Structures are given as structure tokens and as C-alpha cells.
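S.K.:
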Amino acid sequence: MRHIISVLVENKFGVLARISGLFSGRGYNIESLSVNATENENISIMTIVTRGDDHVIDQIIKQLRKLVNTIKVRDVTQVEHVERELILVKVHATQRTRSDILNIIDTFRGKVVDINKESLVIEMTGDQNKLNALVDVLEPYGIIEIIRSGTIAIARGSKSTTDFTKQDIKNQEE
Amino acid sequence: MSKTGAEILVECLKKHGVDLIFGYPGGVLLSIYDKLFDSDILHVLPRHEQGGAHAADGYARSTGKVGVCFGTSGPGATNLVTGIATAYLDSIPMVVFTGQVSTNLIGGDAFQEADIVGITRPIVKHSYLVKDVDDIATVISEAFYLAKTGRPGPVLVDLPKDVIAAKSKNSCASDVKIVGYNPTYEGHPMQIKKMIKLLENAKSPVILIGGGVKLSNASEELLRFVEAINLPVVSSLMGIGAFPNPHKNWVGWAGMHGNYASNMALTEADYIIAIGNRFSDRTTGRLDGYAVKAKKAQIDIDPTSIDKNVKVDVPIVGDCKTVLKQVLHYLGDFNWEKCKKDREDWLKRIEYWENERPFGYKFSDRIIKPQYVVEKIYEVTGGDAIITTEVGQNQMWAAQFYKFKDPRQFITSGGLGTMGFGFPAAIGAKLGNPDKEVFDIAGDGSFLMNMQELCTAVQYRVGVKVAILNNKFLGMIRQWQHLFYNKRYSNSCLECQPDFVKLAESYGCVGFKVEKPSEVENVLRESLKIKNKPVLMDFNVDREENVYPMVPAGAALNEMVYGER
Numbered sequence: 001m002r003h004i005i006s007v008l009v010e011n012k013f014g015v016l017a018r019i020s021g022l023f024s025g026r027g028y029n030i031e032s033l034s035v036n037a038t039e040n041e042n043i044s045i046m047t048i049v050t051r052g053d054d055h056v057i058d059q060i061i062k063q064l065r066k067l068v069n070t071i072k073v074r075d076v077t078q079v080e081h082v083e084r085e086l087i088l089v090k091v092h093a094t095q096r097t098r099s100d101i102l103n104i105i106d107t108f109r110g111k112v113v114d115i116n117k118e119s120l121v122i123e124m125t126g127d128q129n130k131l132n133a134l135v136d137v138l139e140p141y142g143i144i145e146i147i148r149s150g151t152i153a154i155a156r157g158s159k160s161t162t163d164f165t166k167q168d169i170k171n172q173e174e
Numbered sequence: 175m176s177k178t179g180a181e182i183l184v185e186c187l188k189k190h191g192v193d194l195i196f197g198y199p200g201g202v203l204l205s206i207y208d209k210l211f212d213s214d215i216l217h218v219l220p221r222h223e224q225g226g227a228h229a230a231d232g233y234a235r236s237t238g239k240v241g242v243c244f245g246t247s248g249p250g251a252t253n254l255v256t257g258i259a260t261a262y263l264d265s266i267p268m269v270v271f272t273g274q275v276s277t278n279l280i281g282g283d284a285f286q287e288a289d290i291v292g293i294t295r296p297i298v299k300h301s302y303l304v305k306d307v308d309d310i311a312t313v314i315s316e317a318f319y320l321a322k323t324g325r326p327g328p329v330l331v332d333l334p335k336d337v338i339a340a341k342s343k344n345s346c347a348s349d350v351k352i353v354g355y356n357p358t359y360e361g362h363p364m365q366i367k368k369m370i371k372l373l374e375n376a377k378s379p380v381i382l383i384g385g386g387v388k389l390s391n392a393s394e395e396l397l398r399f400v401e402a403i404n405l406p407v408v409s410s411l412m413g414i415g416a417f418p419n420p421h422k423n424w425v426g427w428a429g430m431h432g433n434y435a436s437n438m439a440l441t442e443a444d445y446i447i448a449i450g451n452r453f454s455d456r457t458t459g460r461l462d463g464y465a466v467k468a469k470k471a472q473i474d475i476d477p478t479s480i481d482k483n484v485k486v487d488v489p490i491v492g493d494c495k496t497v498l499k500q501v502l503h504y505l506g507d508f509n510w511e512k513c514k515k516d517r518e519d520w521l522k523r524i525e526y527w528e529n530e531r532p533f534g535y536k537f538s539d540r541i542i543k544p545q546y547v548v549e550k551i552y553e554v555t556g557g558d559a560i561i562t563t564e565v566g567q568n569q570m571w572a573a574q575f576y577k578f579k580d581p582r583q584f585i586t587s588g589g590l591g592t593m594g595f596g597f598p599a600a601i602g603a604k605l606g607n608p609d610k611e612v613f614d615i616a617g618d619g620s621f622l623m624n625m626q627e628l629c630t631a632v633q634y635r636v637g638v639k640v641a642i643l644n645n646k647f648l649g650m651i652r653q654w655q656h657l658f659y660n661k662r663y664s665n666s667c668l669e670c671q672p673d674f675v676k677l678a679e680s681y682g683c684v685g686f687k688v689e690k691p692s693e694v695e696n697v698l699r700e701s702l703k704i705k706n707k708p709v710l711m712d713f714n715v716d717r718e719e720n721v722y723p724m725v726p727a728g729a730a731l732n733e734m735v736y737g738e739r
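Chains as they are written, first to last, in this note's numbering: chain U, 1 to 174; chain D, 175 to 739.
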């Protein structure tokens, strides 16, 4: 099963290596990984998409929690959530095919961010399925390059993953 | 007042109660060594950094304190790696300091540069590269705190040369707060009651202990719990000593070379309470045949140990000692009368297994049996010695034929299985316990891996005894080749070896060569008279003796093979 795991970590040197090393060392796979700062500069959030049966996911979460620099680990797929990914696709586009492609982009609610005589660069966000569908449809025109950001996800509702830690971080700073 | 990083470091070590360091100097560590020169901390110079790491480990295991070792940048640091991994696999509290090239040189492939933080990342509990002298004091406090709390383990602190030399006003911090690190000590009361409830109804329960009982100093609470409701105790190799042997509730240790009764008890049990035991493969045998009749509860401070290899019915995250105290508190709320009869029958059945196939061997008066040497070491030391082991047959015979009554008495590399561990660990143990006899029960192969530490033992007047069970083989490898590879002894024969007596003498130690069973006891007694210098005893034992019983790889615990006797 596919799981999206949010990992709140201290924004310190070497933390990414500890996390990626944990996955490679124990034979877990990472489908995608994105790392970003949060509203608190001392904390980063990593969104890891991984696959495994319940036992493997349970171990992954426990092993992540065990790392000294992790503050909170959450399996976002266990709650109501929104997930998004950004894709940039460079596709062949000649005078003959350009309008067809633009139609497709319109249908998908994508954007053209670069255009020249032979190609287009398309930007689109969505969940994995939607992006895959776009790629499928564009395939016959000749895809030159694809860059995807990896999935990020956020739980629905008014609470923040970083909420409970603010006091702790404050204590530490004092 | 500003102090250099080196001064702050030495001050912090004192503050954390460090009185013994095993370290090897090097270019980038010189300013630290200059400060250590004036300090009253005893600094022991091993003859190889690996020896230093194992000695710090042996010191930690035998005293319960944090072991400390130093190595310089590059090769000094990489030589520590095996020692760090050994400590990590057995959860031993250590703080390892390595020198690093100056921060402006890092990444430039400078002389003696190695990314030791990167190299050791999977084998440390945590690690630090200190880039700012203002952080040294905090990092050291965190390192000691992390090493000894929660599930203990080695913490590495990498110190660049310029950081050690720079000045800071910060002094040793006492408070440590790490946001993401809050080990759970107390068990959940509901889970604990559930665990006891199952025990109340169990007909054939077993307590399975591991190294965690020693690490949390829970032996006393364990004994009270076991005696209160008359439970049989089985241990892993790492748990040996956490429960006294002999004792009427002691069954033995389970696993690949454990005793018949322990392996049978686990196989037939209807309830197993694992305490500080992580169900390692050497202890469980084939998993789908492991304790299939038993419900299982597991007490462990590390959540990742729970449900990792064996699925349990009642998980309890917490410190063994704290949880056992909670257990004792609740025991009175349950009714133990009704299970008394069942318990008696079960204990009788275990006793039958104990008598059916105890550890044994065929004694000979012509050739020395290795097991006989261990038995005699037990006898002459009155069961009071600290025993370290190397890895392989010597380790198994030591575990089988010495009876351990104290939790810090048996020191062995169970997780990583590091050959060459026992001798330096014995030096560390003896320095930490000067009043105790310390024996390294060694094999000829493993002893050669760190024998350079004879020089260390002589220099610091460390009176350890080394009993080499010399079969001129890598005994355990040979045993497997004997049993599973048609006696094709590929590269396991060590017929070329030094004259151990002359070797000992050349270092300034005392050496004995023992070839007859009748001489064994006398030589051992003689060795006890020699104080303040190491004694090396070369016992020429039966070359092709095997360790039995044995659970072959891929077999279940009750599918043991036995030797002739």
C-alpha cells in the first residue's frame, strides 16, 4: 500500500542523510521525497511517499520516530488529507500540433510557462493520477523532459502538524 | 573568561564523571592531548584504536558507566568503526570522540580526512560534527545524555582541529533538552494489567529475558517478580547474568547453542513475557516455528524492537526496571492460587527437560576438552570472575559452562559477533573493576585479532587472564564446514601460529602452555597468584570438538542436533 508520511525534523545539518540512510539501510523504498522549511525556521518538514505492508510501514514510522532529530512523524494517508504534486513537462510542439496540445492543457487546467518554435513547457499541479494522465495524453506528441516535485500532502481541518511543537521549541530556545 | 575548545572538552568530561579514557592521539587532536596531559583523568593508550573502542565498551558493560574513547581523524576514526558497531548492536553507552581536519579543509580530501559522521551514521545512536566552538559544551552534554538514556548506544562527536583550538565563553551545560527525544520509561498501566491478566490464566508461561534487563539494572525487580509467582526464566545470550544461575527458576539460555530445556520451554510455552529481549534470529531460530503456541507480551524501551521480528499480543513500551516495578505493584490485585497447580506441573516438565539433556561433553584424561577448561575457570574463580569472550566456539562454551550470577559478569559481543572483542574488553573491565578477576575466554583465531593490546595491559599493569582454547582452527567455521560442507575445511585451519608463551614473554607477560587435562587446574590456580600483569594461557584443546546442542540455520528451536556424550 502507498503511504504518505510527514516527518517534522529539526532543521539541522545531516538530517536528510539520516532519514534517507534509514530507508536504504533497512531496505525500505522511497517513491518520492520532498523537503521544505515550515513556518518555523528551526523546523523542516519532509513528505515521504513509500510503499509497504502494515508491518513495514509500522517499522518505518517507529524507526523515523527513533531518530533524535525527528520531532513528529505522521502517516497522512490515515487521515482526511489533500495531496498535490507539481509537474513541469517539456513537449515537442510544432505549428501543426501546438493547438491540439493547448487544448489538452486547457482541459487539464495546466499552464504554459515557456513556448518556442519546437516545444512547450507545461506546468500543472494535481494528485499523482491527474499528472500521470496528462503525461499519458502528451506522450504521442513527444515528451522531451519531465520534472516532478514529488508529492506533498496536508491534513484537512484547522490543526497544524507543527502545532504541538511550538512550545517545545520555545522552551529549547530559552 | 574564554577557553579553548580543548579546555572546555576536558572540563566537560570531568563534569560528566569521566575518569578513564581510551584514546590514540593524532595530528588534529594535539591540543586536546596537551590538556589531557595536565588532567587527572586516566588516559589509556591502546595499541590500535579498535582495541581502545572495545576496552571502552568492556568498561561500560562491566561498570554501567559511559565508556569514552578517542581516535584521530581519518584512519584513527575508521579504526574505531568496528568498536562502534559492536557497541551499537548490543546497546552499550559510549561516547566516541574523533578528530577532524579543520572546517575550511573539510570536503577537500585533506590529509587524514574521512567523513566519519557519514561512515558511522547507521551504527550510532546519534552523532555530531561540531562546527562552532560555542557548541562544544552543549554537544558533549547531549552526547552523554543520549548515550545513557532510553535505549543506550554509542554517540559520536567529530571535532575539527580549528574548532578545538578556537575560544568560547560557554561552559559545560547541565540541562539537556532535545525536542524530538523523549524516551518512555513508564509502561502503560492498562497494558501492564493485560500482561498480568494473561499470566494469571497461563498454564505454561516463560519469562524470556535479554540484555535490556542488564542495561536498565532491573535484575532485582526481575528476581522479585519471578519468585513472587514462581516463573521459569529463560534468557538470550545477552541476558545471561541478569538472573542468577544457579537458581531454582533459572532454566538456561535459548537459541542456536542454548540448552535443550530452554528451547523446549519456549516451544511448548503458552505464554511468553519478553523483557528487554529483541527476538534476534540467533535466539528464535526459524520464525514460523518459534513459540507458535504462545501468546506473547514484550517489554522494551525501544518501540522499534516491538513487533519487529515476532508479533506480540501485549506490547509494553518502557524501561524494564520501571515497568517491573509497576508490575510488582499490581501483582497483588490478581489471584495466583488457581494457577499454582498448573505452574507446578509445568516446572516439573521443564525440570525433566533439564535433566534429560543438560549441557555436557565427553571428558577425556588424555586430551583437554575446551568445556573442561571453562568448568575449571568457574571452579577456581568461585564463580565470581568477570568473563569476557571472543566470538565463536569459545563464546558458546563460556556461556554454557560458566554459571553467571551477576548482571555485569558476562561480557560478550552478541549482536555484531566481533572477533577480537574479548581481550581489549577484558582490559576495560579490569580497569573498571580492579578488585575482580577478569578472564578472557578466547579462541586462537580471535585472540590474534587484537593481541597487540598485550602491550597496553603490561604498560598499565592490568592483571587480566587470557585463556586461549587453542584448537588451531577457526572453530565455529570448522564446525559448520564439518556439519554442512562435508568436512571441507576451507581456510579455517590456523596451524601457523605464534608460540604463545614466547609471545607473552616478549611483551613482558607471563605465558603458560597447557597440553594435559591434569595440568589445567594447576595452571589456572597459578595464574590467580600473578597480579598486575596479564597472564596468557595456551590450552591445547581437542581440535575437532563441536558445540552442542545446535539449532542449525533455518531450523526451529526444537529441531536441535546433539553431539555424542
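Cβ coordinates follow ideal geometry from the N, Cα and C atoms, glycine included. Predicted model only: the values in this text are computed from it and were never measured.
Beta carbons nearer than 9 Å to chain U: which residues of the region 440 to 464 of chain D have them?
M.R.: Answer in chain order: no residues at all.
S.K.: Among U:Thr94, U:Lys159, U:Thr125 and U:Ser160, which residue has its Cα nearest to the Cα of Arg148 (chain U)?
M.R.: Among U:Thr94, U:Lys159, U:Thr125 and U:Ser160, the Cα nearest to that of Arg148 (chain U) is on U:Thr125.
S.K.: For Ala234 (chain D), which of D:Tyr576, D:Ala600 and D:Met650 has the nearest alpha-carbon?
M.R.: Ranking D:Tyr576, D:Ala600 and D:Met650 by Cα distance to Ala234 (chain D) puts D:Ala600 first.
S.K.: What span of residues does the alpha helix (DSSP H) with Thr252 (chain D) cover, start to end?
M.R.: From DSSP, the alpha helix (DSSP H) with Thr252 (chain D) extends over Pro249 to Asn253.
S.K.: Taking contact to mean 3 or more Cβ pairs, one atom from each stretch, closer than 8 Å, check whether the region 307 to 314 of chain D and the region 250 to 263 of chain D are in contact.
M.R.: Taking 8 Å as the limit for Cβ pairs, the verdict is that the region 250 to 263 of chain D does not touch the region 307 to 314 of chain D.
S.K.: Give the range of the beta strand (DSSP E) segment to which Asp114 (chain U) is assigned.
M.R.: Looking at the DSSP string, the run of the beta strand (DSSP E) that includes Asp114 (chain U) is Lys111 to Ile115.
S.K.: As an exercise, report each continuous alpha helix (DSSP H) stretch of at least 4 residues that is fully enclosed by the region 181 to 234 of chain D, in chain order.
M.R.: Listed in chain order, the complete alpha helix (DSSP H) runs (minimum 4 residues) inside the region 181 to 234 of chain D are 204 to 212.
S.K.: Pro199 (chain D) versus chain U: which residues are under 9 Å apart at the beta carbon?
M.R.: Simply none; closest approach about 27 Å.
S.K.: Can you list the residues of chain D that Thr70 (chain U) reaches, using a CB-CB cut of under 8 Å?
M.R.: What Thr70 (chain U) touches in chain D: Gly354.
S.K.: Does any heavy atom of the ligand NAP sit closer than 8 Å to the C-beta of Gln569 (chain D)?
M.R.: No copy of the ligand NAP occurs in the structure displayed, which carries no ligand at all.
S.K.: CB-CB under 8 Å to Pro326 (chain D), same chain, minus the five flanking residues each way: which ones, in chain order?
M.R.: Once the five neighbours on either side are set aside, the close Cβ partners of Pro326 (chain D) are Ser265, Ile266, Pro267, Lys299 and Leu389.
S.K.: List the DSSP bridge partners of His300 (chain D).
M.R.: D:Val329.
S.K.: What does a CB cutoff of less than 6 Å around Tyr736 (chain D) pick up in its chain, not counting 5 residues either side in sequence?
M.R.: Here the set comprises Tyr722 and Pro723.
S.K.: Note down, in chain order, each residue of its chain lying with its Cβ closer than 7 Å to the Cβ of Lys117 (chain U), except the 5 sequence neighbours on either side.
M.R.: Same-chain partners within the cutoff: there are none.
S.K.: Cβ of Thr441 (chain D) within 9 Å of Cβ of Gly463 (chain D)?
M.R.: Yes, these two residues count as a Cβ contact at 9 Å.
S.K.: Work out the CA separation of Met711 (chain D) and Lys687 (chain D) for me, nearest whole Å.
M.R.: Roughly 6 Å separates the two Cα atoms.
S.K.: Compare the C-alpha of Arg717 (chain D) against each of D:Arg652, D:Gly273 and D:Asp493 and name the closest.
M.R.: Among D:Arg652, D:Gly273 and D:Asp493, the Cα nearest to that of Arg717 (chain D) is on D:Arg652.
S.K.: Where does Arg74 (chain U) land, buried or exposed, given buried means 16+ other C-beta within 10 angstroms?
M.R.: Buried: at least 16 other Cβ atoms inside 10 Å.
S.K.: Just checking my contact of Gly150 (chain U) with Leu33 (chain U) at CB under 8 Å: how many whole Å lie between their CB atoms?
M.R.: That belief holds up - the Cβ atoms of Gly150 (chain U) and Leu33 (chain U) are roughly 6 Å apart, short of 8 Å.
S.K.: Can you have a look at Lys322 (chain D) and say buried or exposed, based on whether 16 or more other CB atoms are within 10 angstroms of its CB?
M.R.: With 16 or more Cβ atoms within 10 Å of its Cβ, Lys322 (chain D) is classed as buried.
S.K.: Using the beta-carbon of each residue, which ones in chain D are nearer than 9 Å to Ala93 (chain U)?
M.R.: Simply none; closest approach about 43 Å.
S.K.: Below 7 Å on C-beta distance, what does Thr478 (chain D) contact in chain U?
M.R.: Within chain U, the residues near Thr478 (chain D) are Gln59, Lys62, Gln63 and Lys66.
S.K.: With DSSP as the reference, identify every bridge partner of Tyr445 (chain D), one or two as the case may be.
M.R.: Note: Tyr445 (chain D) sits in a beta bridge opposite D:Pro379 and D:Lys469.
S.K.: Closer than 9 Å by beta-carbon distance: list the chain D residues that pair up with Arg179 (chain U), in chain order.
M.R.: Absent from the structure is residue 179 (chain U), since the part of chain U shown begins at 1 and ends at 174.
S.K.: Output, in chain order, the set of chain U residues within a Cβ distance shorter than 7 Å of Pro328 (chain D).
M.R.: The contacting residues do not exist; Pro328 (chain D) stays about 13 Å from chain U at best.
S.K.: Quick check: is the beta carbon of Ser301 (chain D) nearer than 9 Å to any beta carbon in chain U?
M.R.: Yes, Ser301 (chain D) counts as interfacial toward chain U.
S.K.: Which residues of chain D have a Cβ atom closer than 7 Å to the Cβ of Gly21 (chain U), listed in chain order?
M.R.: Under the 7 Å cutoff, chain D gives Arg295 and Pro296.
S.K.: Roughly how many angstroms lie between the CA atoms of Ile381 (chain D) and Pro363 (chain D), to the nearest whole one?
M.R.: Answer to the nearest angstrom: the Cα atoms are 19 Å apart.
S.K.: With DSSP as the reference, label Cys513 (chain D) as helix, strand or coil.
M.R.: Coil.
S.K.: Can you give the beta carbon distance from Asn732 (chain D) to Asn437 (chain D), rounded, assuming they're within the 8 Å contact cut?
M.R.: At roughly 6 Å, the Cβ-Cβ gap stays under 8 Å, so Asn732 (chain D) and Asn437 (chain D) are in contact.
S.K.: Quick check on DSSP: helix, strand or coil for Asp716 (chain D)?
M.R.: In the structure shown, Asp716 (chain D) sits in coil (DSSP, three-state: anything other than H, G, I, E or B).
S.K.: For a quick check, are the C-beta atoms of Met625 (chain D) and Phe647 (chain D) less than 9 Å apart?
M.R.: The answer is no: Cβ separation not under 9 Å.
S.K.: In the region 312 to 323 of chain D, which residues sit with their C-beta less than 7 Å from some C-beta in chain U, listed in chain order?
M.R.: So the close ones are Leu320.
S.K.: Can you find a CB in chain C that lies within less than 9 Å of the CB of Gly292 (chain D)?
M.R.: In the structure shown, chain C does not exist; the protein chains are U and D.
S.K.: In its own chain, which residues sit with a C-beta less than 8 Å from the C-beta of Thr97 (chain U), not counting the 5 before and 5 after it?
M.R.: Closer than 8 Å at Cβ, skipping near neighbours: Tyr141.
S.K.: Less than 9 Å between the C-beta atoms of Glu185 (chain D) and Ser345 (chain D), yes or no?
M.R.: Result yes, Cβ atoms of Glu185 (chain D) and Ser345 (chain D) sit closer than 9 Å.
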